[in-house]
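Numbering (my numbering), first residue to last: 102 to 185.
Every residue, glycine too, gets a C-beta built ideally from N, C-alpha and C.
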């Protein structure tokens with residue numbers, strides 16, 4: 102039974118591309134914690150927007166968008182437009 106659980110965990114583990122790993126490296130610690138919890142709901146880190154106000158992590162899941170500011174605060178209904 103334990104071997105079956107380990108196998109499922111290995112199959113479920115996401116494989117990150119170098120680009121995705123590079124994005125994760127640019128997040129603050131607070132953003133990493135928040136983004137990690139969002140991935141459990143199916144969100145993927147898409148890009149990071151930098152401005153004078155700091156960095157804003159943009160995550161997407163099935164057409165929905167969420168943002169995480171530098172302090173790790175999640176906004177699940179941001180008023181931003183994502184270009185295709």
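- Hey, how far is the Cα of residue 172 from the Cα of residue 163? Between residue 172 and residue 163, the C-alpha separation is close to 25 Å.
- Alpha-carbon to alpha-carbon, residue 170 and residue 152: Between the alpha carbons of residue 152 and residue 170 lies a gap of roughly 11 Å.
- When we look at the beta-carbon of residue 130 and count the other beta-carbons within 10 Å, is it buried (16 or more) or exposed? Within a 10 Å sphere around the beta-carbon of residue 130 sit fewer than 16 other beta-carbons, which makes this residue exposed.
- Message: Checking the sheet assignment: what are the DSSP bridge partners for residue 150?
- Response: DSSP lists 157 as partners of residue 150.
- Should residue 141 go down as buried or exposed, given a rule of 16 or more other Cβ atoms within 10 Å for buried? So residue 141 counts as exposed.
- Task: Whole angstroms is fine: what's the gap from residue 166's alpha carbon to residue 178's?
- Result: Here the C-alpha atom of residue 166 lies approximately 7 Å from the C-alpha atom of residue 178.
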